[in-house]
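Protein sequences appear in the order of chains A and B. Each residue of the first sequence is one higher than the last, beginning at 1 in full-length UniProt numbering. Each residue of the second sequence is one higher than the last, beginning at 1 in full-length UniProt numbering. Glycine included, each C-beta is placed from N, C-alpha and C at the ideal position. All values reported here derive from a predicted model rather than from experimental measurement.
2 protein chains.
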Amino acid sequence: MECRNAQGEEHKREMMAVQDSMDVLNGKWKIPIISSICYYKQRRFSDVLNDVDGISNKMLSKELKELEVNKLIRRIVLDTQPVTVLYELTEHGKTLQTIINNLTEWGIKHRKEIVGR
Amino acid sequence: MECRNAQGEEHKREMMAVQDSMDVLNGKWKIPIISSICYYKQRRFSDVLNDVDGISNKMLSKELKELEVNKLIRRIVLDTQPVTVLYELTEHGKTLQTIINNLTEWGIKHRKEIVGR
DNA sequence: CCGTATCCCCGGGGATACTG
DNA sequence: CAGTATCCCCGGGGATACGG
């Protein structure tokens, strides 16, 4: 695999695109949250809170908001008593799966490379 | 694109692999640094310092060390006067290109999705 | 149940100066 | 040039309590 040979402005545009992606996924929690919601198709706030080890309610709230703003997840309110809130991936959110799969594969290769095969 | 249907332990192992990858790439600087070195094939400390907008020498030093520990880059010392230090990608580092390409493509799609097509 | 508000602490990381 | 050392600040994020 070779580096792209883009020149000047094109190279910068590509770098910005990578950063856009990273900004969306950065931090400890985004991917585990997405993974939880994806795995169960639909998931409630407190479920995700349990799925994602170590996250606080404040953080979860913040992260879910960011994911929603980025249109990766959808928030669904059912007017039960008390209220039930479900989160699910949008179509756009599901397109992340390619990247997550690649990260999975690379992570496994990397572990072999570092820990020893 | 569907979610993987891995069950229980397998799903956890995959999540850990994703986190391994993210840990390696996390933060503002890793990918821009890799990109700079990759683009120029070989790059000196002060060159990268200029390429990566806004990074401090302390941060760059720290990040380069982490990348080296993770065997993504190689540090080459030439005994000129004063000393010259070159950084280049290892073969393992070059395997990141697939991921970076995917992040680029997804970032572009994402921008269209958010900013408007 | 689903969050928001408040308080508070710690360490990530910038600016700057210094060394080999 | 290629980093290291020191100082210092600010805001990310945990714990906890509260509100709808």
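Is the separation between the beta-carbon of residue i and that of residue j shorter than 9 Å?
{"i": "Thr90/A", "j": "Ile73/A", "result": "yes"}
{"i": "Asp20/A", "j": "Gly107/B", "result": "yes"}
{"i": "Ile33/B", "j": "Leu67/B", "result": "yes"}
{"i": "Thr80/B", "j": "Val18/A", "result": "no"}
{"i": "Gly93/A", "j": "Lys71/A", "result": "yes"}
{"i": "Leu25/B", "j": "Met22/A", "result": "yes"}
{"i": "Cys38/A", "j": "Cys3/B", "result": "yes"}
Nearest to residue i by CA position, among the options, is which residue?
{"i": "Gly8/A", "options": "Tyr87/B, Tyr40/B, Asn57/B", "result": "Tyr40/B"}
{"i": "Ile55/B", "options": "Ile31/B, Lys71/B, Gln42/B, Arg75/B", "result": "Ile31/B"}
{"i": "Asp53/A", "options": "Lys12/A, Arg43/A, Trp29/A, Ser61/A", "result": "Trp29/A"}
{"i": "Ser61/A", "options": "Leu78/A, Val85/A, Asp23/A", "result": "Val85/A"}
{"i": "Val83/A", "options": "Val69/A, Glu63/A, Gly116/A, Phe45/A", "result": "Phe45/A"}
{"i": "Lys12/A", "options": "Cys3/B, Asn102/B, Ser35/B", "result": "Ser35/B"}
{"i": "Leu78/B", "options": "Arg43/B, Ile37/B, Cys3/B", "result": "Arg43/B"}
For residue i, write down the residues that DSSP places opposite it in a beta bridge.
{"i": "Ile85/B", "result": "Note that residue 85/B corresponds to Val in the displayed sequence, not to Ile. Paired residue(s): Val77/B."}
Taking residue i and residue j to be in contact with their CB atoms under 8 Å, please state how far apart those CB atoms are, rounded to whole angstroms.
{"i": "Thr95/A", "j": "Lys112/B", "result": "About 12 Å separates the two Cβ atoms, so there is no contact after all."}
{"i": "residue 120/B", "j": "Glu88/B", "result": "The displayed coordinates of chain B run from 1 to 117. Any statement about residue 120/B would go beyond what the structure contains."}
{"i": "Asn102/A", "j": "Asn50/B", "result": "With a Cβ gap of about 30 Å, Asn102/A and Asn50/B do not count as contacting."}
Those runs of the alpha helix (DSSP H) which lie wholly inside the region 13-73 of chain B and span at least 4 residues:
30-40, 45-51, 57-69
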